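Asks: One structure, as structure tokens, below. Some questions next.
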Amino acid sequence: MSKKILVVDDEKDIVSVLVGRLKAQGYDAASASDGEQALKMIQKEKFDLIILDILMPVMNGTELAQILKNDSKTKNIPLVFLTALGTKQEGSGYSIAGSDVVFAKPFDFKELLGKIDELLAQK
Amino acid sequence: MGDAEIRILLLEDSPSDAKMVIRELNKRKSAMPVSIEHVGRLSLALERLKKNQFDVILTDLKLPDSDGLETVTRLLERAHKIPVVVMTGTYLDEGVALEAIRHGAQDYLFKDQMDGALLTRVIRHAVERNHLQQELVKLSQMKDEFISMVSHELRTPLTVIKEGVGLVQDGSAGALNPDQQTYLDLAKRSIDRLARLINDVLDFQKFESKQMEIRMTENNINELVNEIKESFALVAKNKGLELSVDLEERLPRIFFDRDKIVQVLTNFMSNAIKAMEKGKITLKTRCLENAVRVSVEDQGPGIKEEDIPKLFQPFSQLAMGNERKPGSTGLGLAISKQIIDRHKGKIGVESVWGKGTTFYFTIPQGLEIPKKKLGEILVEKGWISEEKIKEALKNQEGLANEK
């Protein structure tokens, strides 16, 4: 059974290309356009990994991450943050846990994919 | 500035000197209307600065509760936007006065040569100069923000272009014929170049505005040089170039930011490879008197002497035989220089036209990790919260002011 990945970003075009890329790699990919919508989906079905943008309307990436980390059911889902802010935690206000990673846009998809494979293999 | 009243905070413990300054200023009141608040201690001055607005601080350096440059430093700590003019006894104290300027004072006056006209002029100039300085700081911040905003805004669309092209290119959207493949490869190369440029601009900007963090750790430079050689082995081989290392075995302990030094060496190496058609590139480490020197020597065409000073300037692409180097952003060496500057080392180039070029940098020996303040360590270890420390510092300051 293929692993399920949720892509959360308010930039619809980013979501489209990422979902396309992930499906081409054989992953099952779903998408949400903000943190709130993502949370509803996560509560309904199980995801193996979540890719989320840091700056989003309604509920941003760090807020979503905090909620997920505080819930025993979701706290072990690996998170991959995307940011247009440049490097690492900049402006995120959320200290990123050891297992989580941050990619600056424009990221290298091969690198991103390598990291996703690694995180999923660890589980 | 018109005829708006200039609000002066006069910090002088000698009543007679204070009286003289006030008298001289009042003589010129029609030329420069002023309001003067006079205090005799630094602690009182700091308190007034908290409560009231001033346009300029006029201060003696020797006070009952503060002496010399400490006075200037502590005033500016509290009120860095207000110009400080120091008053010293005689011209014999000029050395101290100049030192005060280096510490941020705007100007100085000698008490034995004080007269209303001079005093008025010095104050006017200090206020005006300070105003211009603040404007400059603001403009420079605006420039920083603008560059970083534009670069950030470019990132999202570029990601979409990159991944969209990537999807078509790797056949995810159906098989491609050779022509289609060629044109997509072309597009991909330009996309990568644009991405590099944006990252370089942001990197450069971060160094310029001192936002770039440098993490010093003790590292083995020889090991790193070998790694760099390995990582370029394939590219060099494909171009028919020879790579070799020449390492000094016994090197002193040095501290540097590994990732940043990799960035510098990568830049040197890609420059060398771009410049050469055939020949050998040598990576060298050497022990100097108080430093370690790392160099990349190539046998490329060399750089003309007149071009050398331009090399480390941002956006200066050298015309290598009238050709712009494809794929280069013109920022690589400028960023490298910023990195080495932050390591307190030297960066440079030696070149003989027609024979080859050597790019090198040095890292001073035993450049230790900057010592952290006790408070920072406590917070880092999670033994105390940042708020608690701030609170404690505030209390301490309060006590000092009450004395």
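Sequences listed follow chains A and B, in order.
Oh and the first sequence: position 75 is 74 in numbering that gives the first Met the number 0, straight run, nothing missing.
Oh and the second sequence: position 323 is 322 in numbering that gives the first Met the number 0, straight run, nothing missing.
We treat Cβ as the ideally placed atom computed from N, Cα and C, and that holds for glycine.
From a predicted model like this one, the values you see are computed outputs, not experimental measurements.
1) State whether the stretch 124-144 of chain B contacts the stretch 65-80 of chain A, with contact taken as three or more CB pairs (one from each stretch) at a distance under 8 Å.
2) Going residue by residue through the stretch 255-301 of chain B, where are the continuous beta strand (DSSP E) segments of at least 3 residues, counting only ones entirely within it?
3) In terms of residue numbering, what span does the beta strand (DSSP E) encompassing R6/B cover?
4) How about R195/B: is its C-beta nearer than 8 Å to some C-beta of chain A?
5) In this structure, does DSSP put V57/A in helix, strand or coil?
6) Could you tell me which chain B residues have their CB closer than 8 Å to the CB of K104/A, listed as they occur along the chain?
7) If we ignore side chains and look at the alpha-carbon of each, how far apart do D70/A and F102/A end up?
8) Interface residues of chain B around A64/A at Cβ under 7 Å?
9) Can you pull the chain A neighbours of G163/B, defined as C-beta to C-beta under 9 Å?
10) Using DSSP with H/G/I as helix, E/B as strand and the rest coil, what is L112/A?
11) I'd like the span of the alpha helix (DSSP H) that includes L41/B, first residue to last.
12) What residues match up with T216/B in a beta bridge as DSSP calls it?
13) Against chain B, which members of the stretch 21-44 of chain A pass a CB distance test of less than 7 Å?
14) Do you know whose CA, among N51/B, D245/B, P177/B, lies nearest V293/B's CA?
15) When the cut-off is 8 Å and only beta carbons count, does Y93/A lie next to chain B?
16) Please list, in chain order, all residues of the same chain as K345/B whose beta carbon is under 6 Å from its beta carbon, the five residues on each side excluded.
17) So that I know if they touch, is there some Cβ in chain A lying closer than 8 Å to that of S208/B?
18) Where does A174/B fall in DSSP's three states?
19) Pick out whichever of L57/B, I100/B, P63/B, D66/B has its Cα sitting closest to the Cα of M86/B.
20) By the criterion of Cβ-Cβ separation under 8 Å, what are the contact partners of F108/A in chain B?
21) Is there a Cβ of chain B sitting closer than 8 Å to that of A83/A, yes or no?
22) Straight-line CA distance for P63/B to D12/B?
23) For S171/B, would you say it is in contact with chain A, using Cβ-to-Cβ distances shorter than 8 Å as the test?
24) Please state whether DSSP places E423/B in a helix, a strand or coil.
25) Step through the CB atoms of chain A and report whether any lies within less than 8 Å of the CB of H151/B.
26) Which one or two residues does DSSP pair with A3/A in a beta bridge?
27) Can you tell me where the beta strand (DSSP E) with I334/B in it begins and where it stops?
28) From V200/B to L112/A, what distance separates their C-alpha atoms?
29) DSSP three-state label for G90/A, please.
30) Just grab the DSSP bridge partners of E349/B for me.
31) Verify whether the separation of the beta carbon atoms of R27/B and E36/B is less than 8 Å.
32) Can at least three beta-carbon pairs, one atom from the stretch 225-242 of chain B and one from the stretch 186-196 of chain B, be found at a separation below 8 Å?
33) Going by CA-CA distance only, name the one from F203/B, T356/B, H342/B that's closest to S269/B.
34) Please state whether the Cβ-Cβ distance between I49/A and L5/A is less than 8 Å.
35) Here's a check: name, in chain order, each residue in its chain whose Cβ is nearer than 8 Å to the Cβ of A17/B, leaving out the five neighbours to either side.
Replies: This is what the structure gives:
1) The stretch 124-144 of chain B vs the stretch 65-80 of chain A: no contact.
2) The stretch 255-301 of chain B contains these whole beta strand (DSSP E) runs: 278-286, 290-297.
3) DSSP places R6/B in the uninterrupted beta strand (DSSP E) bounded by 5-10.
4) Chain A contact via Cβ: absent.
5) It is coil, neither helix nor strand.
6) Around K104/A, the beta-carbon contacts reaching into chain B at under 8 Å are R154, T155, L157, T158.
7) Counting only the Cα atoms, F102/A lies some 24 Å from D70/A.
8) Chain B residues near A64/A: none, gap ~20 Å exceeds 7 Å.
9) What G163/B touches in chain A: D12, S15, V16, G19.
10) Correct three-state label for L112/A: helix.
11) Run containing L41/B: 41-50, per the alpha helix (DSSP H) assignment.
12) In DSSP, T216/B forms a bridge with F255/B.
13) Residues passing the 7 Å Cβ filter: A23.
14) In terms of CA proximity to V293/B, D245/B leads the group N51/B, D245/B, P177/B.
15) Since pLDDT at Y93/A reaches only 49, below the 50 mark, its modelled position is unreliable, and the value read off the structure follows with that caveat. Not closer than 8 Å to any Cβ of chain B, the Cβ of Y93/A fails to qualify, so no.
16) Result list for K345/B: T361, in chain order.
17) Not closer than 8 Å to any Cβ of chain A, the Cβ of S208/B fails to qualify, so no.
18) Residue state, collapsed to three classes: coil.
19) By alpha-carbon distance to M86/B, the top candidate from L57/B, I100/B, P63/B, D66/B is L57/B.
20) For F108/A, the chain B residues whose C-beta falls within less than 8 Å of its own C-beta are K161, E162, G165, listed in chain order.
21) At a cut-off of 8 Å, the C-beta of A83/A has a neighbouring C-beta in chain B.
22) Roughly 7 Å separates the two Cα atoms.
23) Cβ-Cβ to chain A under 8 Å: yes for S171/B.
24) For residue 423/B there is no data in the structure shown, the boundaries of chain B being 0 and 402.
25) Chain A contact via Cβ: present.
26) At residue 3/A the sequence reads Lys, which differs from the Ala that was named. DSSP lists D27/A as the bridge partner or partners of K3/A.
27) Segment 331-341 is the alpha helix (DSSP H) holding I334/B; no beta strand (DSSP E) there.
28) For V200/B and L112/A, the gap between their C-alpha atoms comes out near 26 Å.
29) At G90/A, the pLDDT of 42 sits below 50, so the modelled position is not reliable; the number obtained from the coordinates is stated separately. DSSP, read as helix, strand or coil, puts G90/A in coil.
30) For E349/B, which the question treats as bridged, DSSP gives the partners T357/B.
31) Against a cut-off of 8 Å, the Cβ pair of E36/B and R27/B comes out as no contact.
32) No, they do not touch.
33) Closest option to S269/B, Cα to Cα, is T356/B.
34) Cβ atoms of I49/A and L5/A: closer than 8 Å.
35) Sequence-distant partners of A17/B (beyond 5 residues in either direction) whose C-beta falls short of 8 Å from its own C-beta, in its chain, are L9, E11, H37, G39.
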